[in-house]
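Number of protein chains: 2
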Amino acid sequence: MYFCTMSKKEINIDFENSIGPWLGKTVKLVDYFLQESLNEHNLGLTKEQVIVLKRLHDQDGMNQNELAFITLRNKSSLTRLLTNMEGNGYIIRKKSVVDKRIKHVYLTKYGKETFIKIRPVLKNVMSTLEQDVTEQEKAQIINILKKIQHNFNSKIESI
Amino acid sequence: MYFCTMSKKEINIDFENSIGPWLGKTVKLVDYFLQESLNEHNLGLTKEQVIVLKRLHDQDGMNQNELAFITLRNKSSLTRLLTNMEGNGYIIRKKSVVDKRIKHVYLTKYGKETFIKIRPVLKNVMSTLEQDVTEQEKAQIINILKKIQHNFNSKIESI
DNA sequence: TTTTAATAGTTGCATATACAACTATTAAAA
DNA sequence: TTTTAATAGTTGTATATGCAACTATTAAAA
Chain A
1 MYFCTMSKKE INIDFENSIG PWLGKTVKLV DYFLQESLNE HNLGLTKEQV IVLKRLHDQD
61 GMNQNELAFI TLRNKSSLTR LLTNMEGNGY IIRKKSVVDK RIKHVYLTKY GKETFIKIRP
121 VLKNVMSTLE QDVTEQEKAQ IINILKKIQH NFNSKIESI
Chain B
160 MYFCTMSKKE INIDFENSIG PWLGKTVKLV DYFLQESLNE HNLGLTKEQV IVLKRLHDQD
220 GMNQNELAFI TLRNKSSLTR LLTNMEGNGY IIRKKSVVDK RIKHVYLTKY GKETFIKIRP
280 VLKNVMSTLE QDVTEQEKAQ IINILKKIQH NFNSKIESI
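So the protein lines, in turn, are chains A and B.
Counting from 1, one number per residue, gives the positions in the first sequence under the numbering used here.
Counting from 160, one number per residue, gives the positions in the second sequence under the numbering used here.
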């Protein structure tokens, strides 16, 4: 009909030519490869737990609030993640004596040893990811990702 | 000590200057914004369910295998996702008469109406994401993401 | 100082996820 | 044709996730 000249393509959403779905698919692939690599070590470690180990190895003794923020997750989600990790002996929680609300999180000896052992896996995932990606492309993509994050952050904060 | 000239930076993994963590953080932000936008409609829809609605709206009647593949998830994960969506009246499953193993998935009237109503939300997320991103940058990032996916796919398939 | 906020962490509830083991059905091999 | 493979989907079990409501503790306001 003459008053409906829009093509189907314009009405519908084109996932093939949009950044969002490409990002999502890529991250799923990275996550899958990372988890598979971890599974080969038969330690029962999840990718999320490894990231926590890495962050604590960088800076031991963070409290749960800081750890939740830096690992980009909800505090209740972190609580349960840490409960599992504590049960497996990777970390311990210690109540602060200054502020009894706060719990600091520390790597155990086993947790530290495990991270050292698993670190090459993490390195391998990251170098696989950036294989054949030039320094220029790396700068480009990080720059674009920063722009995308800014787009959402400015919208979220304005609410 | 003289035999240990490596700086800490080289031994440790630098998340700030690696593509992986930047990708992960960006996708989390996109997901958060999408879910928040959906919540405003009080339909109890999750972002995963909306993607399924979108895919079925593009091509109704796919079987669960195809739907799992196109939405990038495990078949058992899809089973439970569909169970929830069927319970909420968005979709129905129909056993194939040709091959009794197969179940085709169809949008209900309510499912279709819901997707039409929710589609602007999806569009808004995607245009927010690409706001201020030039066509050149869009081509660049998709190109780099394709390269990253290829890096992992070739490693995974070679196992 | 007493009351009221805000903060840190936990728990209830619901969804999403994936691997492995399972059932049912169909296709391939003997 | 009978046996064996492969395939589609479901279920058990376990982890991860987030919102809302909760407890305990500390900080701010009255």
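Beta carbons: idealized from backbone N, C-alpha and C, even for Gly.
{"Item": "Own chain residues within Cβ distance below 8 angstroms of Asp251 of chain B, not counting five before or after", "Value": "Per the sequence shown, residue 251 of chain B should be read as Ile rather than Asp. Contacts found: Glu245, Val264, Tyr265, Thr267."}
{"Item": "Chain B within 7 angstroms of Asn151 of chain A, Cβ atoms only", "Value": "yes"}
{"Item": "Neighbouring residues, chain A, relative to Asn243 of chain B (Cβ below 8 angstroms)", "Value": "The contacting residues do not exist; Asn243 of chain B stays about 20 angstroms from chain A at best."}
{"Item": "Beta-carbon neighbours of Glu130 of chain A, restricted to chain B and to distances below 9 angstroms", "Value": "Ser177, Ile178, Gly179, Ile307, Asn310"}
{"Item": "7 angstroms CB neighbourhood of Ile210 of chain B in its chain, flanking five on each side removed", "Value": "Thr230"}
{"Item": "Exposed unless 16 or more other CB atoms sit within 10 angstroms - verdict on Gly203 of chain B", "Value": "exposed"}
{"Item": "Distance between Leu34 of chain A and Lys160 of chain A (C-alpha atoms, nearest Å)", "Value": "Because chain A spans 1 through 159 in this model, residue 160 of chain A falls outside it and cannot be assessed."}
{"Item": "Neighbourhood of Ser77 of chain A by C-beta distance below 8 angstroms, restricted to the same chain and skipping five residues each side", "Value": "Ala68"}
{"Item": "C-beta neighbour in chain A for Leu188 of chain B, strict 7 angstroms", "Value": "yes"}
{"Item": "Stretch-stretch touch, CB-based, cutoff 8 angstroms, three pairs: the region 18-37 of chain A with the region 182-193 of chain B", "Value": "yes"}
{"Item": "Minimum Cβ-Cβ distance from Glu135 of chain A to chain B less than 7 angstroms", "Value": "no"}
{"Item": "Closer than 7 angstroms at the beta carbon, the chain B residues around Gly61 of chain A", "Value": "Residues of chain B passing the Cβ test: none, with the nearest at roughly 17 angstroms."}
{"Item": "Residue-chain proximity (Gly183 of chain B, chain A), Cβ-Cβ < 7 angstroms", "Value": "yes"}
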